[in-house]
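Colleague: Each residue of the sequence shown is one higher than the last, beginning at 352 in the numbering used here.
All C-beta atoms, glycine included, are put in the ideal place defined by N, C-alpha and C.
Model, not experiment: these values are computed from the prediction.
Right, I'll just put the structure down here and ask away after.
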Amino acid sequence: MKSTADTNDQNNKPKQKKQTNTLVFVGTIVILVLTIIAFVLIPSVSAPASSGNNLIFGYWKNKPIQYAYQNAYFNEVARIKQYYEQMGYNINSNPYFSFQIYNQAYQNVVVMTALQEMAESYGFGASKDYINNQVTQSSVFQENGKFSMRLYQNSSYATKLAIYKEIEENLTRSRFLNTLFSVQSSSKEIEFIKAMGQKTRTLEYVSLPLSSYPDSEKLAFAQAHPEPFRKIKLLRITFSGSESEAKNIISQLESGKLDFAQAAKQYSVDSFKESGGAMGWKYYWELRADFKDIKQLDELFTFKAGTISSAIPSSTGTFLIFKVEEPMENTNASAPDFIKAITDYMNAYERGTMEAWLLDKARMLVQNASNSSFEAMVKAENLAVKTTKPFPLNYGNALKTQYFPLIGTIDTTDTPELAQAESNEQFLLQVWSTALGATSDPVLLGSNVIIFKVKSEDVQDAETFAMLDTFYNSVIQQNIQTELINYILESPYHKNNFYKTYSKLFKLNG
């Protein structure tokens, strides 16, 4: 059973926080694609060769995003490299630097390609005279701070054409974006936001975590659904070559010319390589995500000890070769690690079962509270009560600068159970529709079921929102930028082959 949250309105899903790396994301704002006015053609930089091929990392609609000498992607990689070097980073010290530089450059070029297409479709452009004027200001043709006719005339036709094209496209995009972001908010809109943020509420709440789902229920589930908890002891080779090569390895294994452990160390590309492919005992459910066709996993569980499998296509495009050390066994419910195995399985595949059980329990508690009080319910169940700081209605913490929010949001420093609350529509509706002093209906928040009481309601001073007048328009524009970038990168028009092509690019130079 899927998580109950999976069936709720998609708007209730919290926005995932993107992981950052302090080394490579220092320049995120500086490199943000919408702030780039123009590319600069940068002379030859250190870059991996592509064996004469123009590698395609992805597409925007039918336009390929290629990496080729002195094209947009090439120059964007060089620009970002130059940026980090100027910041004092040794970009050759960590392979992850290279990955992030190429990935950031790829995303920037995808966004700029999409913006160019959008701008042209709406008729944006620039006059030839204006473009020619901008060409004379290009740093490529500057000498002693002035335009140099000598440098211009000595440049190849291809270089001049590339610069002209880049300037034309940058001007087109720039005018499109200036128009897009030039809309100003009315004073009445800002006053409405201020009024919305003035009222705050403070909650007292208790949480029922998924970790409190009882062992007795887990054992009952496993007894009713024994299939995922069958186990088998295996050796495995994960092979990244062709199917014919995998079959050749199997032939040598079956003939005895090649030892399985030796073959695993020589050919396997997974984490079991160094142990000679030894996986130990594995539950059925632990293996199923690796298989492209689940029927082949079912077949594996019928094999006798010593059997070597065929070349099995994996879910990631490799081929799996197994040797059965011990055949399938049903797990003993008294085994010391069995409860943990059930817990891991249910967290991965049956969260909804646990959530439904906890929600039912919480509803009974709320019913008891309606017959007595929130405090009596807490005492009877020996639950820990936490109190929030006052917070306004601010879905998604939408109005914030890089450093501070404009109208405030839920402070979860001491209330981590509410970490997803600001983006959970059901929770916020409950908060602002539950009467003062009343107990709410249970709400599922992440890995917790929450029951709260509205402790108090207050009104903040208007002076609290003085920063809105100054920053509101810039925050709205920042949000539009972010949404536009996300729309482009997540669009069905964007076909992303970055990871596959990047691996190919550096494999050629490995």
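With a threshold of 6 Å on Cβ separation, who are the neighbours of Leu466 within its own chain once the five nearest residues in sequence on each side are excluded?
Modeller: Numbered from its first residue, the sequence shown carries residue 466 at position 115. Taken in chain order, the residues that qualify are Arg524.
Colleague: From Met679, Asn483, Ser825, Ala731, pick the residue whose C-alpha is nearest to that of Val557; which is it?
Modeller: Against the sequence shown, residue 557 aligns to sequence position 206. Among Met679, Asn483, Ser825, Ala731, the Cα nearest to that of Val557 belongs to Ala731.
Colleague: Using 10 angstroms around the beta-carbon of Phe755, count the other beta-carbons present and answer buried if the total reaches 16, otherwise exposed.
Modeller: Within the sequence shown, the letter at position 404 stands for residue 755. The residue is exposed, with fewer than 16 neighbouring Cβ atoms inside 10 Å.
Colleague: Quick check on this structure: which residue in Thr760, Thr752, Met705, Ser791 has the alpha carbon closest to the alpha carbon of Phe742?
Modeller: Residue 742 sits at position 391 when you count from the first residue of the sequence shown. The option with the nearest alpha carbon to Phe742 is Thr760.
Colleague: Considering only residues of the same chain and omitting the five flanking positions on each side of Ala597, which have a CB-CB separation below 7 Å?
Modeller: Taking the sequence shown and counting its residues from 1, the one referred to as residue 597 is at position 246. Counting only Cβ-Cβ distances below 7 Å, and skipping sequence neighbours, we find Phe590, Ala662, Phe670, Ile672.
Colleague: What residue does the beta strand (DSSP E) around Glu863 start on, and which one ends it?
Modeller: Outside the modelled stretch of the chain, which goes from 352 to 861, sits residue 863, for which no answer is possible.
Colleague: Measuring alpha carbon to alpha carbon, tell me which of Lys633, Lys655, Met463 ends up nearest Ile693.
Modeller: Indexing the sequence shown from 1 puts residue 693 at position 342. Among Lys633, Lys655, Met463, the Cα nearest to that of Ile693 belongs to Lys633.
Colleague: Should Gly474 be labelled buried (16 or more other beta-carbon atoms within 10 Å of its own) or exposed?
Modeller: If you number the sequence shown from 1, residue 474 lands on position 123. The residue in question, Gly474, is exposed, as its Cβ has fewer than 16 Cβ neighbours within 10 Å.
Colleague: State buried or exposed for Lys412, treating a residue as buried only when at least 16 other CB atoms are found within 10 Å of its CB.
Modeller: The residue labelled residue 412 in the question sits at position 61 within the sequence shown. Classification of Lys412: exposed, given that the 10 Å Cβ count is below 16.
Colleague: Rounded to whole angstroms, what is the Cα-Cα separation between Phe408 and Thr553?
Modeller: Along the sequence shown, read from residue 1 onward, the residue named residue 408 stands at position 57. Along the sequence shown, read from residue 1 onward, the residue named residue 553 stands at position 202. Each residue's alpha carbon lies about 50 Å from the other.
Colleague: Taking 8 Å as the limit between beta carbons, can you name the residues of its chain near Asn837, skipping five residues before and five after?
Modeller: For the purposes of this step, residue 837 is taken as residue 486 along the sequence shown, with counting starting at 1. Hits under 8 Å: none found.
Colleague: How far does the alpha helix (DSSP H) with Met630 in it reach, from first residue to last?
Modeller: As a working note, residue 630 is residue 279 in the sequence shown. Looking at the DSSP string, Met630 is not in any alpha helix (DSSP H); the run it does join, the beta strand (DSSP E), is 629 to 634.
Colleague: Once the 5 residues before and after Asp809 are set aside, which same chain residues still bring their CB inside 7 Å of it?
Modeller: What you label residue 809 is simply residue 458 of the sequence shown in a count that begins at 1. Excluding sequence neighbours, Asp809 sits near Thr551, Pro741.
Colleague: Starting from Leu795, follow the beta strand (DSSP E) in both directions and report where the run begins and ends.
Modeller: As a working mapping, residue 795 is identified with position 444 in the sequence shown. Residues 794 to 796.
Colleague: Cutting at 8 Å between CB atoms, please list the residues of its own chain near Ile452, excluding the five before and the five after it.
Modeller: In the sequence shown, residue 452 corresponds to position 101, counting from 1. The residues are Val375, Val428, Ile431, Lys432, Tyr435, Ile442.
Colleague: CA-CA distance, Asn495 and Leu502?
Modeller: In the sequence shown, residue 495 corresponds to position 144, counting from 1. In the sequence shown, residue 502 corresponds to position 151, counting from 1. When rounded, the distance between both Cα atoms is 12 Å.
Colleague: Rounded to a whole number of angstroms, what is the C-alpha to C-alpha distance between Leu716 and Val620?
Modeller: As a working mapping, residue 716 is identified with position 365 in the sequence shown. As a working mapping, residue 620 is identified with position 269 in the sequence shown. Roughly 52 Å between the two C-alpha positions.
Colleague: Run through the DSSP bridge pairs and tell me what Lys751 is partnered with.
Modeller: Here residue 751 refers to the residue found at position 400 when the sequence shown is read from its first residue. DSSP output for Lys751 lists Pro756 as bridge partner(s).
Colleague: To which residues does DSSP link Pro415 through a beta bridge?
Modeller: Position 64 of the sequence shown, counted from the first residue, corresponds to residue 415. In DSSP, Pro415 forms a bridge with Tyr410.
Colleague: For Phe654, collect the residues of the same chain with a Cβ closer than 6 Å to its Cβ; drop the 5 residues on either side in sequence, then sort them by chain order.
Modeller: For this step, residue 654 is matched to residue 303 along the sequence shown. Only Val675 meet the Cβ criterion.
Colleague: What are the boundary residues of the alpha helix (DSSP H) that includes Arg702?
Modeller: Reading the sequence shown from its first residue, position 351 is the one you call residue 702. Unbroken alpha helix (DSSP H) run through Arg702: 702 to 722.
Colleague: What is the C-beta distance between Tyr420 and Leu406, in whole angstroms, given that I count them as a contact (C-beta under 8 Å)?
Modeller: Locating residue 420 in the sequence shown gives position 69, counting from the first residue. Locating residue 406 in the sequence shown gives position 55, counting from the first residue. Contact doesn't hold; Cβ gap of about 12 Å is too wide.
Colleague: DSSP state of Asn681, grouped into three classes?
Modeller: The count along the sequence shown starts at 1 and reaches residue 681 at position 330. In the structure shown, Asn681 sits in a strand (DSSP, three-state: E or B).
Colleague: On the three-pair Cβ rule with 8 Å, is the segment 532 to 544 touching the segment 516 to 523?
Modeller: Flag = no, the segment 532 to 544 and the segment 516 to 523 do not touch.
Colleague: Can you look up Val736 in the DSSP assignment and give me helix, strand or coil?
Modeller: Walking along the sequence shown from the start, residue 736 turns up at place 385. Of the three classes helix, strand and coil, the one that applies to Val736 here is coil, per DSSP.
Colleague: Restricting to runs no shorter than 3 residues, where is the beta strand (DSSP E) found entirely within the segment 772 to 818?
Modeller: With a minimum length of 3 residues, the continuous beta strand (DSSP E) runs that stay inside the segment 772 to 818 are 794 to 796, 799 to 810.
Colleague: So what's Leu744 in DSSP terms, helix, strand or just coil?
Modeller: Translated into positions along the sequence shown, residue 744 becomes position 393. Coil.
Colleague: Quick check on DSSP: helix, strand or coil for Val557?
Modeller: Within the sequence shown, the letter at position 206 stands for residue 557. Residue state, collapsed to three classes: strand.
Colleague: Within the same chain, show all residues whose beta-carbon is closer than 8 Å to that of Leu710, passing over the 5 residues directly before and after it, in chain order.
Modeller: Here residue 710 corresponds to residue number 359 of the sequence shown, with the count starting at 1. Here the set comprises Thr355, Pro793, Leu795, Val800.
Colleague: Look at Glu680 and Lys806 and say whether their C-beta atoms are less than 7 Å apart.
Modeller: Numbered from 1 along the sequence shown, position 329 holds the residue referred to as residue 680. Numbered from 1 along the sequence shown, position 455 holds the residue referred to as residue 806. No, they are not a contact pair.
Colleague: How many angstroms separate the CA atom of Ser595 from the CA atom of Lys479?
Modeller: Here residue 595 refers to the residue found at position 244 of the sequence shown. Here residue 479 refers to the residue found at position 128 of the sequence shown. Each residue's alpha carbon lies about 58 Å from the other.
Colleague: Taking Asn745 as the reference, which of Val491, Met463, Ala546 has the closest Cα?
Modeller: In the sequence shown, counting from the first residue as 1, residue 745 sits at position 394. Of the listed residues, the one whose Cα sits closest to Asn745 is Ala546.
Colleague: Measuring straight from C-alpha to C-alpha, what distance separates Glu677 and Asp649?
Modeller: Mapped onto the sequence shown, residue 677 falls at position 326. Mapped onto the sequence shown, residue 649 falls at position 298. Those two C-alpha atoms are separated by around 15 Å.
Colleague: To the nearest angstrom, how far is the alpha carbon of Tyr618 from that of Thr667?
Modeller: Against the sequence shown, residue 618 aligns to sequence position 267. Against the sequence shown, residue 667 aligns to sequence position 316. Approximately 17 Å, taken between the alpha carbons.
Colleague: So which of Ile839, Leu561, Glu834, Lys569 has the shortest CA-CA distance to Asp688?
Modeller: Position 337 of the sequence shown, counted from the first residue, corresponds to residue 688. Residue Lys569 is the option with its Cα nearest to Asp688.
Colleague: Just mark Ile588 as buried or exposed, buried being the case when its beta carbon has 16 or more other beta carbons within 10 Å.
Modeller: For the purposes of this step, residue 588 is identified with residue 237 of the sequence shown, where counting begins at 1. It is buried - the Cβ of Ile588 has at least 16 other Cβ atoms within 10 Å.
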